[in-house]
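Enquirer:
2 protein chains.
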Amino acid sequence: MRLSQFHLHTTKETPSDAELTSHRLMLRAGMIRKLASGLYIWSPLGLRVLRKVERIVREEMDRAGAVEMQIPTLQPRELWDATGRWEKFGNQLLKIKDRKEQEFCYSPTAEEAITEFARQELSSYKQLPVNFYQVQTKFRDEIRPRFGVMRAREFLMKDAYSFHLHDEDLVREYENMKAAYTRIFTRLGLEFRMVQADSGAIGGDASQEFHVIADSGEDALVFSTGSDYAANMEAAVAAEPSARPLPAETLRKVETPTQKTCEAVAGLLGIELQRTVKSIALMTDAGFALALVRGDHDVNEIKLAKAPGLAGNRFASEAEIVEHLGSVPGFLGPVGPAKAIRVVADPEVAAMADFVVGANEAGFHLAGVNWGRDLPEAEVADIRNVREGERARDGGELKIARGIEVGHVFQLGRSYAQALNATVLDENGKAATLSMGCYGIGISRIVAAAIEQNHDDAGIIWPDAMAPWQVVVCVINPKGDTGVSAAASELLEALRAGGLDAALDDRGLRPGAMFADMELIGIPHRVVVSERGLAAGTFEYRSRSASEAESLDRDSLMRKLLG
Amino acid sequence: MRLSQFHLHTTKETPSDAELTSHRLMLRAGMIRKLASGLYIWSPLGLRVLRKVERIVREEMDRAGAVEMQIPTLQPRELWDATGRWEKFGNQLLKIKDRKEQEFCYSPTAEEAITEFARQELSSYKQLPVNFYQVQTKFRDEIRPRFGVMRAREFLMKDAYSFHLHDEDLVREYENMKAAYTRIFTRLGLEFRMVQADSGAIGGDASQEFHVIADSGEDALVFSTGSDYAANMEAAVAAEPSARPLPAETLRKVETPTQKTCEAVAGLLGIELQRTVKSIALMTDAGFALALVRGDHDVNEIKLAKAPGLAGNRFASEAEIVEHLGSVPGFLGPVGPAKAIRVVADPEVAAMADFVVGANEAGFHLAGVNWGRDLPEAEVADIRNVREGERARDGGELKIARGIEVGHVFQLGRSYAQALNATVLDENGKAATLSMGCYGIGISRIVAAAIEQNHDDAGIIWPDAMAPWQVVVCVINPKGDTGVSAAASELLEALRAGGLDAALDDRGLRPGAMFADMELIGIPHRVVVSERGLAAGTFEYRSRSASEAESLDRDSLMRKLLG
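Protein chains in written order, with UniProt numbering: chain A, 1 to 563; chain B, 1 to 563.
#1: Between Glu68(A) and chain B, is there a C-beta pair that is closer than 7 angstroms?
#2: Using C-beta distances below 7 angstroms, list every residue in its chain close to Asp296(B), excluding the 5 sequence neighbours before and after it, in chain order.
#3: Could one say the Cβ of Thr73(A) lies closer than 7 angstroms to chain B's Cβ atoms, at least one of them?
#4: I need the boundaries of the beta strand (DSSP E) containing Ser435(A), first residue and last residue.
#5: Which residue marks the beginning of the alpha helix (DSSP H) containing Val212(B), and which one marks its end?
#6: Would residue 565(B) and Pro468(B) be called neighbours here (beta carbons separated by less than 7 angstroms)?
#7: Based on DSSP bridge pairs, tell me the residues matched to Val424(A).
#8: Look at the alpha carbon of Tyr40(B) and the alpha carbon of Ala486(B), and state the distance between them as a whole number of angstroms.
#9: Count the CB pairs spanning the stretch 75-92 of chain A and the stretch 526-539 of chain A that are closer than 8 angstroms, and state whether there are at least three.
#10: Which residues of chain A have a Cβ atom closer than 7 angstroms to the Cβ of Gly65(B), listed in chain order?
#11: What in chain A is Cβ-close to His9(B), meaning under 7 angstroms?
#12: Report yes or no: do the stretch 413-429 of chain B and the stretch 257-277 of chain B share at least 3 C-beta pairs separated by less than 8 angstroms?
#13: Please go through the same chain and pick out, in chain order, the residues whose beta-carbon is closer than 6 angstroms to the beta-carbon of Ile460(B), but skip the five residues on each side of it.
#14: Once DSSP output is grouped into helix, strand and coil, what is the label at Tyr174(A)?
#15: Would you kindly work out how many angstroms separate the C-alpha atoms of Ser543(B) and Glu405(A), rounded to a whole number?
#16: How about Leu246(A) and Asn232(A): are their beta carbons less than 7 angstroms apart?
#17: Strictly by DSSP, which residues pair up with Ala230(A)?
#18: Between Tyr125(B) and Met61(B), is the Cβ-Cβ spacing less than 7 angstroms?
#19: Residues of chain A with CB closer than 8 angstroms to the CB of Glu116(B), please, in chain order.
#20: By the criterion of Cβ-Cβ separation under 7 angstroms, what are the contact partners of Thr137(A) in chain B?
#21: Using beta-carbon positions only, say whether Leu156(B) and Ser444(B) come within less than 7 angstroms of one another.
#22: Unbroken beta strand (DSSP E) runs of length 3 or more, entirely within the stretch 251-278 of chain B: which are they?
#23: In the DSSP assignment, find the beta strand (DSSP E) that holds Asp471(A) and state where it starts and stops.
#24: Does Gly407(A) pass the burial test, meaning 16 or more other C-beta atoms within 10 Å, or should it be called exposed?
#25: Quick one: list the residues of chain B neighbouring Ile451(A), beta-carbon separation under 8 angstroms, in chain order.
#26: Looking only at its chain, what residues have a beta carbon closer than 7 angstroms to the beta carbon of Gly368(A), apart from the 5 residues adjacent to it on each side?
#27: Span of the alpha helix (DSSP H) holding Ala467(B)?
#28: Any idea what DSSP makes of Met194(A), helix, strand or coil?
#29: Using the three-state DSSP reduction, which class does Ile521(A) fall into: helix, strand or coil?
#30: Are the C-beta atoms of Ile96(B) and some chain A residue less than 7 angstroms apart?
#31: In chain B, which residues lie less than 9 angstroms from Ala113(A) when you measure between Cβ atoms?
#32: Inspect the beta-carbon positions of Gly403(A) and Gly217(A) and report whether they are closer than 7 angstroms.
#33: Counting only beta-carbon separations shorter than 7 angstroms, does Asp517(B) have a partner in chain A?
#34: Per DSSP, what kind of secondary structure is Ile143(B) in: helix, strand or coil?
#35: Spatial neighbours of Thr261(A) within its chain, please: C-beta separation below 8 angstroms, excluding the five flanking residues on both sides.
#36: Just how far apart, CA to CA, sit Thr21(A) and Arg146(A)?
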């Protein structure tokens, strides 16, 4: 590839609406252009990177025994009604009417359509296991599309769906997919982690996410120093608390005239924050409830929504609080409410003695509170975020890093097949509902995530496997001296013959502008061919991640590049 | 690839709604499954074929110097309003509202979006010429989707758009694309023709179509035996008529009481049909008009719509006919109408003397009619279909064949760039509107067209380049004898090492069922490995297009397959 024949178009300006580094750099490098909110054109440069990711994903899916097929982007409403997701998916689902007023959606994922395909295609257990995948444009009508292709509305995704007779077959394929994903992200050259996600209906290991590690990541990931334990914040657990101490204090009411937060109360009383308990008033599907976490802890809303009896919760209004607790916010607590209420305590709270809570009376808190003596034992559920430095269940220490979710594997079980009536005849000739796994990778998102992880002030730093070209041979003054051009062309061919994806920058830019472009677009290896170098028998080589260029003779250069 | 690990699923039934051979065979072979009207799932088998076409298209586009990029499938209304196509495209354009009530369409083609990209990307003539292409899912909301993927609503298309400063650059790239298309269809192994289509605003050669020749084709293609002249029916022209003879007869009114067609009048008068003239009464944007073709000729509606003054025409109502001609249908003619009318005659009619037309009086025709004497000279325009056997302009004879349109190249000129204000600075630093070409290939349609051209009673007959696998090694009783399986595996690897896309049918089917599958799915080369054959040192080989199998030793087999 000669760059004079390629459409490369970098810019210096940084658009004002680009908040994220990867978004800014992709625009400056000319990889993407905005067509409308959340809709991006992939330029020739951007598409080269996207295709490299796509190819590695495809190769590893094939190697893992999955078979590629393709489902239409538009899918009929009936299928989505059958699973209830036409409504459940909410406004992210782009709904479309055709000229005959038939309703369709632009597929954001394809469980329904693939299950319908399986229903038509699979009739016997002998056809199982099978894992169908596609690389397909998807659409999610994000309420606030942003961050460029990191959260675009139209995006490229690899989605795979496996079908099984027995749950153990599903577990086996799930492990197979985890191994394939690990190979994919390893080959891409990215620092990544597989973390436990929200555990599903089937078992402990039913859902895991793959994250690219990056400081700018939206998700907090929790690791243990004691093992390979890793989970996202919604799924992360700390060690069980120590046994509850015996009560040592008597219950007493303390005056806290203006102290409405745990911090203020602890300050006034001169005690540690972790001796206080935060009370969160909720309205749930089953009525009013009080959720308790330690004063120094934060509630996790996903965990809260999954705790028994707290489904569909929202914060209670002041009127609801007054009705059930007889108090105003700032002084709430689980002791002596106006009406009988449900109390759900985090395990750490359930293990406390002699703690401080609101007194359900404006201007007062209770100290020396003890379970079983001053109030009934509560229901216990893990409803909080773990924190950096806590003890892990494996005895190690919990660490927190930021990640960008780029893959997700999930044991779905039989719910889709049940809703869509997808069965096969089993070994005994009886109809059996199919068990199903699904496995997604956000291909376009990986491009942005890789940049978030790998960049510097000058631009992108691609891992070799994702780079638009692994090496670019830069020609100084290509029109001035045919010797330089000929030597560069010869070198290009030698590098390509060695299996490298190499290009020639023969655009005739000034060296400074040419080098700046190559750094901005993240070329891992740059070779400069100049008249002066040729005279000395050397080429200038620079790795994108090195601070200095080095002068190499041809043999050394080839050894360095071809290994 | 081992077919036991692949999802192959053929069926014997022919669905009742599949009218076309390719549709039936693709369903029976299990290449596609219907998800909804005009929406098809591509199974693993179908996708293999689709990807082979896609790869050849991509390779030849790259070789021709076009650069690949990708445009979103959804495009904002504003762009389509700017060119007027939001309305003009009609109901084929699938219109979509997002959650914020913003309007989009699902792209049926991408002139607007690519011109917007060019407007953002191209600022100088130095960046030209450039040819951007994409392989992308498109959508056309056909009123009656049918014929499977031949006329699906969602389909895969390669669309390319070139940008130029000067028209001669456009012409050069247009020729470059024609050459690339010729290479593509040649490599695909299809019998095809490039034909002249409707000539555009720029010049004579401004639009050409590529057709796969097939008896079931929807389009009539016209060829000359005298040169490589070829055109579709809308663009085809015959030789100019001979000079008009001098009048020999006097004008006379003849009684034709019940004769309302040219055939009936010619029969009654005992004259040749080509002595009569058909009068077609039209309402146009500019009022009433009469179009004249010879009695043995048919009007071509596309030509009629393009004739000067006949834009927006429709057949006149009986009331309109009575008002302008003073007569009822069946007896119409251009002589002595009730009101002054416009008359447009086909060149063949304009060259007639002593002809017969309706008398504008019920029950009567006029014979011996002559131009200039009995009625004013008419406007002349080619408004008819040519017919098989006519003389061509090159002196040859016109032949007609049926074709399926699979490619279209078009010199668009500057209209899109004008509407969207896409300019670059020219050599003199002045803003110049971009000139543009567009080049489409219907990738999914090619798959169906290839089957229309290449099939027999047993199924599909793929050209090697499009086949899901070029060769399949069929194992007789794979579980019974490990020697057979081992020999087949070894042969498979040898064929793959030789560069063939080969698969192993190790599904363990009975030979008859296995061979029927391989014929149905159109595998070009079949090799059978059996215990008996191994004992004799031979393999059974059969070409899909041969009527008999042959017994070959290994060397002969390899020579035959690897050449």
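Where is the CB? At the ideal position from N, CA and C, for every residue including glycine.
Quick caveat, the model's predicted, so the values are computed rather than measured.
Expert: On the basis of the supplied data:
#1: Yes - at least one Cβ of chain B is within 7 angstroms of the one on Glu68(A).
#2: When the five nearest sequence neighbours on each side are left out, the beta carbons in the same chain lying within less than 7 angstroms of the beta carbon of Asp296(B) are those of Leu273 and Gln274, in order along the chain.
#3: So yes, Thr73(A) belongs to the interface.
#4: Ser435 to Gly442 is the extent of the beta strand (DSSP E) around Ser435(A).
#5: No alpha helix (DSSP H) holds Val212(B); the beta strand (DSSP E) holding it covers Ser207 to Ile213.
#6: Within the shown structure, residues of chain B are numbered from 1 to 563, placing residue 565(B) beyond reach of any answer.
#7: In the DSSP secondary-structure assignment, Val424(A) is bridged to Ala432(A).
#8: In a straight line, the C-alpha of Tyr40(B) is about 38 angstroms away from that of Ala486(B).
#9: The stretch 75-92 of chain A, when compared against the stretch 526-539 of chain A, does not touch it at the 8 angstroms Cβ threshold.
#10: Identification of chain A residues near Gly65(B) by a Cβ-Cβ cut-off of 7 angstroms yields Gln5, ordered along the chain.
#11: Near His9(B) (Cβ distances below 7 angstroms), the residues of chain A are Glu121.
#12: Contact fails: fewer than three Cβ-Cβ distances are below 8 angstroms.
#13: The beta carbon of Ile460(B) sits closer than 6 angstroms to those of Leu25, Ile451 and Gly522, all from its chain and outside the five residues before and after it, given in chain order.
#14: If DSSP states are grouped into helix, strand and coil, Tyr174(A) belongs with the helices.
#15: Put simply, the backbone Cα of Ser543(B) is about 50 angstroms away from that of Glu405(A).
#16: No, Cβ-Cβ distance for Leu246(A) and Asn232(A) is not below 7 angstroms.
#17: Ala230(A) has Phe223(A) as its beta-bridge partners, per DSSP.
#18: Not in contact: Tyr125(B) and Met61(B) (Cβ atoms no closer than 7 angstroms).
#19: Chain A residues near Glu116(B): Leu35.
#20: Taking the beta carbon of Thr137(A) as reference, the chain B residues within 7 angstroms of it are Thr73 and Thr137, listed in sequence order.
#21: The answer is yes: Cβ separation under 7 angstroms.
#22: Listed in chain order, they are 252-255.
#23: Rather than Asp, the amino acid found at residue 471(A) in this sequence is Val. Note, Val471(A): beta strand (DSSP E), Val471 to Val475.
#24: So Gly407(A) counts as buried.
#25: Contact of Ile451(A) with chain B by beta-carbon distance below 8 angstroms is absent, the smallest such distance being about 18 angstroms.
#26: Here the set comprises Glu249, Thr250, Leu251, Arg252 and Asp354.
#27: Following the DSSP letters along the chain, one finds Ala467(B) in no alpha helix (DSSP H), marked with neither H nor E.
#28: Met194(A) falls in the strand class under three-state DSSP.
#29: Reduced to three states, the DSSP call for Ile521(A) is coil.
#30: Closer than 7 angstroms: yes.
#31: Chain order gives the chain B residues near Ala113(A) as Leu35 and Ile41, where near means a beta carbon separation below 9 angstroms.
#32: In this structure, Gly217(A) lies closer than 7 angstroms to Gly403(A) by Cβ.
#33: Not closer than 7 angstroms to any Cβ of chain A, the Cβ of Asp517(B) fails to qualify, so no.
#34: Shown here, Ile143(B) sits in coil according to DSSP, grouped into three states, outside any helix or strand.
#35: Result list for Thr261(A): Gly330, in chain order.
#36: Taking the straight line joining both Cα atoms gives about 12 angstroms.
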